[in-house]
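Asker: Take the position in the sequence shown, starting the count at 1, then add 12; the result is the number in the numbering used here.
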Amino acid sequence: MHLFPFRRLRTGILSTLIILIVSAMLLVNAILIKAAETDLTSGRILAGRLLLHVLSQTVQNDKYLSPSRDLLKNIEHSLHLAGFTGALLSSSETGPQLEIGEWGNALEEARASALEARATGNQTQRFFGTGWGVIWFAPERLIMSSPIASSGDKTAVLTVGTKLESIYLSLRHTQKSFLIYLALYASFLVLIGMYLFSRVVVAPVRRLLSMAAGIEDIKSAAPLPDPANNEIGQLFLAVREILAHLEENKARLKDHITSLERANQELKKARDEMLRSEKLASVGRLAAGVAHEIGNPLGIVTGYLDLIKTGVLKDEERTDLLCRIEDEMGRISRTIRQMLDLARPSHPRIEKVSIHEVILDTLEFLSGQPWLARIELRTHLKAETDLVFADIEEIREVLINIILNAADAIKTEGVITIETSGEKDLIIIKICDSGPGIPREHLLKVFDPFFTTKEPGEGTGLGLWVCYRIITAMGGRIEALRPDTGGTAIIVELEIAGPRSGHAGAGDNNHKDI
13 MHLFPFRRLR TGILSTLIIL IVSAMLLVNA ILIKAAETDL TSGRILAGRL LLHVLSQTVQ
73 NDKYLSPSRD LLKNIEHSLH LAGFTGALLS SSETGPQLEI GEWGNALEEA RASALEARAT
133 GNQTQRFFGT GWGVIWFAPE RLIMSSPIAS SGDKTAVLTV GTKLESIYLS LRHTQKSFLI
193 YLALYASFLV LIGMYLFSRV VVAPVRRLLS MAAGIEDIKS AAPLPDPANN EIGQLFLAVR
253 EILAHLEENK ARLKDHITSL ERANQELKKA RDEMLRSEKL ASVGRLAAGV AHEIGNPLGI
313 VTGYLDLIKT GVLKDEERTD LLCRIEDEMG RISRTIRQML DLARPSHPRI EKVSIHEVIL
373 DTLEFLSGQP WLARIELRTH LKAETDLVFA DIEEIREVLI NIILNAADAI KTEGVITIET
433 SGEKDLIIIK ICDSGPGIPR EHLLKVFDPF FTTKEPGEGT GLGLWVCYRI ITAMGGRIEA
493 LRPDTGGTAI IVELEIAGPR SGHAGAGDNN HKDI
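1) In three-state DSSP terms, what is residue 386?
2) Please state the DSSP three-state secondary structure of residue 463.
3) Pick helix, strand or coil for residue 176, following the three-state DSSP scheme.
4) Who does residue 402 pair with in a DSSP beta bridge?
5) Using the C-alpha atoms, what's the distance from residue 345 back to residue 360?
6) Under 8 Å by Cβ, that's how I've got residue 87 and residue 98 pegged, so tell me the actual separation to the nearest angstrom.
7) In terms of residues, what are the limits of the alpha helix (DSSP H) holding residue 452?
8) Where residue 364 and residue 393 are concerned, what is the direct C-alpha to C-alpha distance, given to the nearest angstrom?
9) Using DSSP bridges, identify the partner residues of residue 318.
10) Counting only beta-carbon atoms, is residue 44 nearer than 7 Å to chain D?
11) On the criterion of 16 or more Cβ atoms from any shown chain inside 10 Å, does residue 381 qualify as buried, or is it exposed?
12) Between residue 245 and residue 213, what straight-line distance do the alpha-carbon atoms span, to the nearest angstrom?
13) So residue 371 and residue 391 are in contact, right, with Cβ under 8 Å, and what is the actual spacing, rounded?
14) Hey, would you say residue 486 sits closer than 7 Å to residue 402, going by beta carbons?
15) Taking 7 Å as the cut-off, decide whether the C-beta atoms of residue 449 and residue 494 are in contact.
16) Looking at the strands, I want to know which residues DSSP matches up with residue 157.
17) Taking the straight line between their C-alpha atoms, what separation do you get for residue 45 and residue 146?
18) Which residues does DSSP pair with residue 507 in a beta bridge?
19) Do you know offhand how far residue 374's Cα is from residue 274's?
20) Please check the pair residue 170 and residue 101, which I expect to be a contact at CB under 8 Å, by giving their CB distance rounded to whole angstroms.
21) What does the alpha-carbon distance come out to for the pair residue 282 and residue 247?
22) Check residue 112 in the structure and name its three-state DSSP category.
23) Mapping DSSP to helix, strand and coil, what is residue 535?
24) Residue 451: buried (16+ other C-beta within 10 angstroms of its C-beta) or exposed?
25) I need the DSSP call for residue 103, collapsed to helix, strand or coil.
26) In whole angstroms, what separates the C-alpha of residue 261 from that of residue 219?
27) Distance check for residue 179 and residue 193, CA to CA, integer angstroms please.
28) Return helix, strand or coil for residue 489, following the three-state DSSP convention.
29) Output the distance between the C-alpha atoms of residue 271 and residue 285, rounded to the nearest integer angstrom.
30) By the 10 Å Cβ neighbour count, where 16 or more other Cβ atoms means buried, how is residue 500 classified, buried or exposed?
31) Which residue from 442, 172 and 421 puts its Cα closest to that of residue 429?
32) I believe residue 483 touches residue 489 by the beta-carbon criterion, under 8 Å. Please report the beta-carbon distance rounded to the nearest angstrom.
33) Tell me the DSSP secondary structure of residue 48 in three-state form.
34) Can you say whether residue 310 is buried or exposed, counting buried as having 16 or more other CB atoms within 10 angstroms of its CB?
35) Assuming residue 90 is part of the alpha helix (DSSP H), what are its boundary residues?
36) Relative to the C-alpha of residue 389, which residue among 491, 478 and 376 is closest?
Now the structure itself:
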């Protein structure tokens with residue numbers, strides 16, 4: 013915890029200087045006032061002793077027993093000159109007493125002082141009462157007693173008293189003037205101290221801050237004079253060297269960042285090339301089936317055109333054939349478009365996509381592939397909500413790659429099952445095959461690039477890696493499992509985009525002998 017929580021260095025130093033200087037001045041004032049109070053009180057005691065001596069000579073030979081007017085005036089005059097306010101003369105403990113001046117509530121204390129002087133035979137002094145002095149509480153009165161010569165065996169006692177308030181009033185008046193001079197002197201010291209601190213401490217610290225913040229050029233910043241004999245100057249040089257090293261490291265870091273960005277661009281380019289090669293490999297696998305998909309409609313169209321050229325058809329028959337030709341040409345157009353969408357470089361366009369529609373559309377596209385001729389495709393689309401935010405072509409590419417791998421695993425006859433289900437805010441796609449299954453020790457490696465269990469030349473090892481990259485980029489999850497029933501299951505989890513009616517549970521379809 014900071015004693016003086018000031019935010020700015022100059023303000024903190026100024027405040028500290030003011031507090032220290034004013035505290036020191038007030039302490040000096042207290043010491044001087046107390047010393048002056050002690051000296052003045054000692055002077056009043058000395059005056060009391062002299063007064064007792066003078067009055068003892070005046071009232072000797074029992075003159076106080078029948079005092080004349082002149083004697084009383086003489087005593088009062090002596091009291092006034094000495095600064096005392098009252099006198100008390102007593103011949104014995106029970107004898108008559110002469111009371112002169114004002115005693116107030118101190119009369120009993122004066123009598124007690126007289127008794128003490130009579131008992132000891134010496135002068136006594138004591139203070140009575142307590143009141144506010146100058147800087148603290150102090151006694152109100154001074155009472156002094158002294159034995160005096162008297163006739164017979166009796167000892168008379170002379171007691172004088174004075175109020176000390178006059179001393180305190182004088183010191184208070186002096187203190188006011190002292191405080192004025194103290195304020196002026198403290199202001200002068202603060203200004204001089206602030207100037208010196210600003211020159212020696214604040215200005216160099218500000219230069220250090222400017223250098224550290226980059227406002228002042230490190231190379232052009234000159235060191236403080238005599239840095240070897242000044243800690244601030246040495247600190248200035250040390251910080252300057254540190255900042256110079258930081259500038260060098262910054263330049264090297266900038267070069268490293270540039271080289272890393274260049275390497276990252278090259279890696280991205282290489283990754284895109286890998287994706288492109290995998291996509292082209294998939295297109296090559298599909299080319300034979302696409303040729304079949306195009307060849308059959310073309311043969312049908314050619315036959316219809318031959319019939320039309322005979323000229324023997326009625327108008328209704330010719331119109332019907334033209335509609336059939338249009339349908340077959342649309343089939344060819346869709347097949348070519350799907351192949352082009354799969355082959356061309358992708359520029360993802362994120363939108364709401366129906367997973368069920370993409371699955372059914374992909375299965376329709378693959379329906380003419382020869383490598384699926386003896387494989388049964390089954391769908392169980394049970395997810396109530398199938399909308400996700402994704403790129404439709406990337407989802408189709410994931411499905412094709414997984415189905416290609418499943419078909420390669422089955423090799424001859426078998427079943428590929430595509431299921432969907434919902435869990436909280438996720439849609440789960442499960443693609444299972446009836447093949448021999450992936451060895452359990454390979455389950456964590458199947459999504460690594462270039463990992464494959466196929467014979468050399470039969471695969472690139474990039475298919476499932478591409479699927480992993482696409483799904484994770486969408487914020488989803490993909491994993492490979494080996495069910496107890498056999499085969500391999502690929503599980504894809506995607507976050508749903510929102511409710512959608514009309515397509516939930518698209519039904520159970522068996523695509524046999526496709």
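All C-beta atoms in this analysis are idealised placements derived from N, C-alpha and C, irrespective of residue type, glycine included.
Answerer: Checking against the coordinates, here is how it stands:
1) Residue 386: coil per DSSP, three-state reduction.
2) coil
3) coil
4) 363
5) 23 Å
6) With 8 Å as the limit, residue 87 and residue 98 do not qualify as a contact, their Cβ atoms being about 10 Å apart.
7) Unbroken run through residue 452: none, as it is neither H nor E.
8) 18 Å
9) Looking at the DSSP assignment, residue 318 forms no beta bridge with any residue, so it has no partner.
10) Absent from the structure is chain D; it holds one protein chain and no more.
11) buried
12) 10 Å
13) 7 Å
14) yes
15) Against a cut-off of 7 Å, the Cβ pair of residue 494 and residue 449 comes out as a contact.
16) 136 and 171
17) 8 Å
18) 438
19) 38 Å
20) 6 Å
21) 51 Å
22) strand
23) The displayed coordinates of the chain run from 13 to 526. Any statement about residue 535 would go beyond what the structure contains.
24) exposed
25) coil
26) 22 Å
27) 21 Å
28) Note: residue 489 maps to strand in three-state DSSP.
29) 21 Å
30) buried
31) If we check each option's Cα against that of residue 429, 442 comes out closest.
32) Residue 483 to residue 489, Cβ: 7 Å. Contact.
33) helix
34) By the neighbour-count rule (16 or more Cβ atoms within 10 Å), residue 310 is not buried but exposed.
35) 81 to 94
36) 376
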